[in-house]
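Below you'll find the structure, written out as structure tokens, and then a few comments.
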Amino acid sequence: MTVSTADAVGTRPVVVRSYVPGNPWALARRALVYVLLSIAAFLSVFPFFWMMIGATNASADIIKGKAWFGGALVANATTFFTQVDAPRIFFNSGFIAVVATALTLIISSLAGYGFEMFRSKVRERIFAFLLLLLSIPFAAMMVPLFVMFSQAKLVNTFAAVILPTVASIFIIFYFRQATKAFPSELRDAAKIDGLKEWQIFLFVYLPVMRSTYAAATIIVFMGNWNNYLWPLIVLQTAENKTITLILSALTSAYTPDYGMILFGTVLATLPTLVIFFLLQRRFVEGMLGAVK
Amino acid sequence: MIRNTSRSRSILAMALAGISLLTVTAASAGDISVWVWDKAFNGDTMREAGAIYTAAHPDVTVTVDDSASQDDIRAKLQTQLLAGSTDGLPDIVLIQDDIAQKYLQSFPGAFEPLSDSIDMAAFAPYKVAAATYDGKSYSVPFDSGVTGLFYRSDYLEEAGFTAADLENITWDRLVEIGTTVKEKTGHLLLDLDLNDTGLIRMMMQSAGEWYFNEDGSLHITDNAALKKAIETYAKFYQADLVKPVSGWAEYTGAFTSGEVAAVPVGVWITATIKANADQSGLWAIAPIPRLDMEGSVNASNQGGSSWFVLSSSDNKEETIDFLKTVWAENVDFYQDILIKRGAVGSLLAAREGEAFKASDEFFGGAPVWQNFSTWLGQIPSVDYGTFTAEVDAAVQAQLPGIIQGGDLDAALQAINDQATQQMQ
Amino acid sequence: MAQARLDRREQITGWAFIAPALILLGLFMIYPIVWSLWMSFQVGKGMNLSFGGFANIVRLTKDPVFIRALGNTFTFFIFQVPIMIGLALLFAVALNDSTLRFRGLFRTAIFLPCVTSLIAYSTVFKSMFATDGIINQALMALHVIASPISWFGDPFWAKVAIIIAITWRWTGYNMIFYLAALQNIDRSIYEAARIDGVPAWARFRYLTIPMLKPVILFTTVISTIGTLQLFDEVANFTAGTGGPSDSTVTLSLYIYNLTFKFMPSFGYSATVSWVIVVLVGILTFLQFLIARDRRIKS
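Chains as they are written, first to last, in our numbering: chain C, 1 to 292; chain E, 293 to 716; chain Y, 717 to 1014.
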């Protein structure tokens, strides 16, 4: 435990010296921090761990409260893959989440950029109005939405699942906040160089803001992968359903096979986890911009 | 002619599906689609029925979709009917009996009357009554929710009780038996979930009562059976015989793990209990106890569902013919699903079949199906009305107070007030 | 960003950037919302609706379930949001110390809960909160309780369980916002304060909190909206009943039940939705007001 100096960590001056050797108070406080964080980390990871234990146990053992790894992993996996058309269902979930995430990032970041860079009274009012709309529960809009998609003959299509999510007010808000941190000199310089606005967006803004995009990717992907209510209503046939819907149905069977279900939930959690691990370093940086 | 259009339509649908993943997969006319909510029970049962029909009519297939839970199916159906859209709705949907009237009355014209083409007298009358509206019956009854008292014969024996001690008893007597069992064996009598009114409804129906009068108005404050039921319900708690549980997993866990001694429940639980093969011979089934009041019998119902045909179906003729030939006439089929799936159908003639007469070693070699059939015939018919879900919610709101010995009349009044609000 | 008046071309460019989003929002949000606003003046069941003026608003005031749902939603809001925001701040400040070991590990661990799928999360939590579940076993082993708590069989503990579950799920999410903002603060200010002998708690109170205020406001607004729309946990943990005894029923769950579980009374459920909108509007306004007040004092 060394006392860091600016040189030790590079360019950023680090001055938080919460622990100086020999100071018992600081020592105690440092110990407290570790204890607190360890408890929090343990509690956060525990349900994950529990889920993985469950995936290796037979249903009857899970109900009896068995709390350690068992030998039923292969059996659970076999049941899962025979009962669920996994390639198809995961493809559906993946296709919907990837396409929806890509479209959301494009459309919502364009709007965030537009609201921040080109301020006008009318657009400010529109923005304030949109923020208020953020609070409307989705259940209140579902029936009219369904009427629309049914008239457009789009019921039971991926398009119907994706379209209502791509203009996300939350993500527009997020990009607008992030854009506030975008250095205006860059844009001015680009303008002097004769770049058009769309070129500035594409060749200057986008690369600079890539960590913001990374953060938004995790949030949006997570939301779409786990989306439940609207896909439930608008997807009709088994072969079009997503893993979230299928798992939910499995849990409400008369005699649910909990081992198999927990195996499924472990699988269903993996894609979001992988994306988080890949992007998490950028994620912290990305949020930086948004909340400045 | 019909076949031609159907074929061209299915080719078109296949072509569209092939072109793009974003395309509607329309059900073709030679295909009967069905929504059910449990793969192993009603799903496989329907698949079997479909296989029988397809064997006789090779041009018709039955596609069973069990990829949604019952709550999900209700939400989907209600959204679509509200939106006035029939896109992607199946030909047949399974609906639980106690909410059938809600759909029939809220969405007139959405379901196809079946009593003109299928003889409803062939089914248990209380099932037919649940789906009869304006003089027409709209369902082909599927499984019965006839109730029984499933209990651990080994625990009861240890406490000094025989099967005869559980025949034709009242719930109050069961409280006494439960107290002895707890003293002698340490096992609680049963497990209950305060978010579920199943036991109260079962008790009330055994006296031929429900939440509503004939004209649909609320029948709460003057409902002696309901009052007796909640009073009896509270007795189990006050005698400290209840393991409190929440949710299906915990509920089934308590009796399949051998923790509690008994479970009063609909016959459809049989498969869940029998899933634990190591408990074979340790279980028995007694008739459900009755309320300690005049008019209450040792038979009741919990759950149970029926097949409904949607009017939007583009192949009603085949759909109705399918339900008629397999579900309303084929006695052998009912034997088969009883043996394989533990599904007790509601076709009266099926009771005379071999499977129904067989005994079951799991339940100590008793002729359990015969018994259930007998009780099935004794279930009092009630009118489930259109607001059962609302009143259930109102009853649930009072349960924690009731089990702590709260005033019953005040609770009934509160149920009445809340339900009145919800029904406007 | 003080800007000169936009010229005509810039105006057009501005609209062009937001046009795709506005068109989509107009189609998939504004239209359904206007429709639901119109519905809130309709009374009746199913498809049988008629204009009822303010009848639905009158009905709200007499509806015991609505009043309970409103009360519960507020209870969740008042207890859960401060606990979660406080914990998230605490973790963020602790993790911001660059001399701390295993920072990445702690950060990932605490963030994990919010990437869990809802199904996994509710399945696991239900089994953990069962009467014989691991939580009761742990509490009994630690001699905190003598007999198992029936978490979802008791109106009080059911609320506690819900609050624990939401806090578990979203604390890490909020923490990330603070962590990011903390890294943005000029550390020389801390150093100066430390050298001047300002104690840690005072540095936290008078340096960290004021500098994080915009983020705290942002997360509070987002959490307020999230809590007032609380649905997932209560629906999944109580089989959609909001029980026991309506002790966990929320406005969103009530809307869902009015629309899908009960005889569909769409006009009334739309009215309840608008109650949420009005509440969020008022609360957000108050939160902005409080944030502004503090600035004047400090």
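Even glycine gets a Cβ: it sits at the ideal position worked out from N, Cα and C.
Check: DSSP state of V35 of chain C, grouped into three classes?
Finding: Helix at V35 of chain C.
Check: Distance, Cα to Cα, P980 of chain Y vs D675 of chain E?
Finding: The C-alpha of P980 of chain Y lies about 20 Å from the C-alpha of D675 of chain E.
Item checked: Segments assigned alpha helix (DSSP H), at least 4 residues, entirely inside the segment 536-600 of chain E -> Counting only runs of 4 or more, we get 540-548 and 562-566.
Next item on the list: State the DSSP-derived secondary structure class of V674 of chain E, mapped to helix, strand or coil.
Entry: Reduced to three states, the DSSP call for V674 of chain E is coil.
Margin query: In this structure, how does DSSP classify Y395 of chain E when only helix, strand and coil are distinguished?
Written below: Correct three-state label for Y395 of chain E: helix.
Check: Is the Cβ-Cβ distance between Y213 of chain C and L105 of chain C less than 8 Å?
Finding: The criterion of a C-beta distance shorter than 8 Å is satisfied by Y213 of chain C and L105 of chain C.
Notebook entry, point to check: Who pairs with D962 of chain Y in a beta bridge, going by DSSP?
Noted result: Answer is none; D962 of chain Y lacks a bridge partner.
Check: Thinking C-beta only, is F434 of chain E closer than 8 Å to S597 of chain E?
Finding: In contact: S597 of chain E and F434 of chain E (Cβ atoms closer than 8 Å).
Margin query: Applying the 10 Å Cβ sphere with the 16-neighbour rule, what's the burial state of P231 of chain C?
Written below: Label assigned to P231 of chain C: buried.
Notebook entry, point to check: At a Cβ cut of 8 Å, what residues of the segment 740-755 of chain Y count as close to chain E, listed as they run along the chain?
Noted result: Contact annotation: in the segment 740-755 of chain Y, no residue has its CB less than 8 Å from a CB in chain E.
Checklist line | Whole alpha helix (DSSP H) elements within the segment 84-165 of chain C, 4-residue minimum | finding: Complete alpha helix (DSSP H) runs here, min 4: 86-117, 121-133 and 142-151.
Checklist line | Option nearest L396 of chain E by Cα separation, candidates E:N708, E:F679 and E:Q714 | finding: When each option's Cα is compared against that of L396 of chain E, the closest is E:F679.
Margin query: With a threshold of 8 Å between beta-carbons, can S989 of chain Y be considered close to chain E, or not?
Written below: No, its Cβ sits nowhere closer than 8 Å to a Cβ of chain E.
Note to self: Please state the DSSP three-state secondary structure of P47 of chain C.
What the structure shows: Residue state, collapsed to three classes: helix.
Next item on the list: In angstroms with no decimal places, state the Cα-to-Cα distance between L722 of chain Y and F790 of chain Y.
Entry: L722 of chain Y and F790 of chain Y have their C-alpha atoms spaced approximately 44 Å apart.
Item checked: Assigned exposure category for G697 of chain E - 16 Cβ within 10 Å defines buried -> Counting other Cβ atoms within 10 Å of its Cβ, G697 of chain E stays below 16 and is therefore classed as exposed.
Notebook entry, point to check: Under 8 Å between C-beta atoms, does T964 of chain Y make it to chain C?
Noted result: Taking Cβ atoms only, chain C never reaches closer than 8 Å to T964 of chain Y, which makes this a no.
Next item on the list: With a cut-off of 8 Å on the beta carbons, I'd call D240 of chain E and G322 of chain E a contact; round off their distance for me.
Entry: In the structure as shown, chain E starts at 293 and stops at 716, and residue 240 of chain E therefore has no counterpart that could be examined.
Check: Would a check of beta-carbon distances place T104 of chain C closer than 8 Å to chain E?
Finding: Chain E has no Cβ within less than 8 Å of the Cβ of T104 of chain C.
Item checked: Where T924 of chain Y falls, given that 16 or more other Cβ within 10 Å makes a residue buried -> Buried, by the Cβ-count rule.
Check: Out of curiosity, what's the CA-to-CA distance linking L313 of chain E and N973 of chain Y?
Finding: Unreliable placement is indicated for L313 of chain E, whose pLDDT of 41 sits below 50; the coordinate value is still reported in the next sentence. One alpha carbon belongs to L313 of chain E, the other to N973 of chain Y, and they sit about 33 Å apart.
Check: How should A569 of chain E be labelled, buried or exposed, when 16 other C-beta atoms within 10 angstroms of its C-beta is the threshold for buried?
Finding: It counts as exposed.
Checklist line | At least 3 beta-carbon pairs within less than 8 Å: the segment 789-807 of chain Y vs the segment 177-193 of chain C | finding: Contact fails: fewer than three Cβ-Cβ distances are below 8 Å.
Notebook entry, point to check: To the nearest angstrom, how far is it from the Cα of D709 of chain E to the Cα of G112 of chain C?
Noted result: Inter-residue distance for D709 of chain E and G112 of chain C is about 50 Å (C-alpha atoms, whole angstroms).
Notebook entry, point to check: Which value, in whole angstroms, describes the spacing of the CA atoms of Q688 of chain E and N487 of chain E?
Noted result: Approximately 6 Å between the Cα atoms of the pair.
Check: Who are the neighbours of P183 of chain C on chain Y, taking C-beta pairs under 9 Å?
Finding: In chain order: nothing, as chain Y lies at least about 11 Å away.
Check: Within the chosen definition, does the segment 45-54 of chain C reach the segment 825-843 of chain Y through at least 3 CB pairs nearer than 8 Å?
Finding: A contact exists between the segment 45-54 of chain C and the segment 825-843 of chain Y.
Checklist line | Beta-carbon contacts of D624 of chain E that lie in its chain and below 8 Å, excluding the five residues immediately before and after | finding: Closer than 8 Å at Cβ, skipping near neighbours: G645.
Next item on the list: Would you verify that the beta carbon of F679 of chain E is, or is not, closer than 8 Å to some beta carbon of chain Y?
Entry: Residue-level contact by beta carbon holds for F679 of chain E and chain Y, with a gap shorter than 8 Å.
Next item on the list: List the DSSP bridge partners of P433 of chain E.
Entry: Looking at the DSSP output, P433 of chain E shares a beta bridge with E:S598.
Next item on the list: Establish whether the CB of E726 of chain Y and some CB of chain C are separated by less than 8 Å.
Entry: It does; some Cβ of chain C falls within 8 Å.
Next item on the list: Report yes if the CB atom of E726 of chain Y is closer than 8 Å to the CB atom of F146 of chain C, and no otherwise.
Entry: Going by C-beta atoms, E726 of chain Y is not nearer than 8 Å to F146 of chain C.
Notebook entry, point to check: Taking only runs of the beta strand (DSSP E) that begin and end inside the segment 806-831 of chain Y, which ones reach a length of at least 3 residues, in chain order?
Noted result: You should have found no qualifying run.
Check: Can you give the beta carbon distance from Q670 of chain E to V589 of chain E, rounded, assuming they're within the 8 Å contact cut?
Finding: About 6 Å separates the two Cβ atoms, so the contact holds.
Next item on the list: Just grab the DSSP bridge partners of V326 of chain E for me.
Entry: Note: V326 of chain E sits in a beta bridge opposite E:V356 and E:I384.
Margin query: Does the segment 595-610 of chain E come into contact with the segment 377-389 of chain E, if we say contact requires no fewer than three beta-carbon pairs (one atom in each stretch) closer than 8 Å?
Written below: Counting Cβ pairs under 8 Å, three or more are found: they touch.
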